[in-house]
Amino acid sequence: MSRLPEELRQRCKGFASGVIRLHVELPRERDEVAVIGRQLLRAGTSVAAHSREASRARSETEFISKLEVLLQEADESALWLELLEEDCGLASGPLTALLTEAGELLAIFTSIVAKLKRHDR
Numbered sequence: 014m015s016r017l018p019e020e021l022r023q024r025c026k027g028f029a030s031g032v033i034r035l036h037v038e039l040p041r042e043r044d045e046v047a048v049i050g051r052q053l054l055r056a057g058t059s060v061a062a063h064s065r066e067a068s069r070a071r072s073e074t075e076f077i078s079k080l081e082v083l084l085q086e087a088d089e090s091a092l093w094l095e096l097l098e099e100d101c102g103l104a105s106g107p108l109t110a111l112l113t114e115a116g117e118l119l120a121i122f123t124s125i126v127a128k129l130k131r132h133d134r
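For the sequence shown, the residue numbers in our numbering are 14 to 134.
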């Protein structure tokens with residue numbers, strides 16, 4: 014059965030930590046920023062949680078399922094980051110870096126899931 018390399022688990026945890034740090038700095042007096050910030054906080058930290066869950070999967074099917082949920086949360090995180098930047102007018106180095114990392118994690122995990130599904134056939 015597959016396991017996630019420690020480096021990928023740490024990247025997911027680092028992404029979650031970056032989301033937490035960004036959330037702390039958001040101007041929450043703006044309702045739309047507060048709402049999107051909470052959504053980002055939930056989705057971004059879920060990326061790390063699902064990477065941990067995948068590493069404890071009891072079967073290949075469960076492993077793939079956890080990674081697919083991780084992909085959904087990473088994609089949702091990217092959406093919230095895009096909305097903060099594009100619609101709320103927030104721009105900062107940390108936001109841009111998180112958006113880049115979300116894209117990279119999406120690409121990595123999409124590739125892993127696709128390879129595992131091809132192997133399963």
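Glycine included, C-beta positions come from ideal geometry on N, C-alpha and C.
This one's a predicted model, so the numbers in the text were calculated from it and none came from an experiment.
For alanine 70, there is no enclosing alpha helix (DSSP H), as DSSP marks it with neither H nor E.
Leaving aside the five residues that flank serine 59 on each side, the residues in its chain whose CB is nearer than 6 Å to its CB run, in chain order, Glu86. Considering only Gln52, Glu19, Glu99 and Ala47, the residue with the shortest C-alpha distance to serine 90 is Gln52. When secondary structure is reduced to three states using DSSP, aspartate 100 falls in the coil class, being assigned neither helix nor strand. In the DSSP annotation of this structure, the continuous segment of the alpha helix (DSSP H) that includes leucine 21 starts and ends at 19 to 38. Between the alpha carbons of lysine 79 and arginine 41 lies a distance of about 32 Å.
If you draw a straight line from the Cα of leucine 94 to the Cα of leucine 111, it is about 8 Å long.
With fewer than 16 other beta carbons inside 10 angstroms of its own, histidine 132 counts as exposed. Segment contact: the region 29 to 41 against the region 66 to 83, fewer than three CB-CB distances shorter than 8 Å; contact not assigned.
By the C-beta density criterion, alanine 104 is exposed, having fewer than 16 other C-beta atoms within 10 angstroms. Look at serine 105 here: in three-state DSSP terms it is coil, with no helix or strand label. Selection Leu21, Gly57 and Arg24 evaluated against histidine 36 yields Gly57 as nearest (Cα-Cα).
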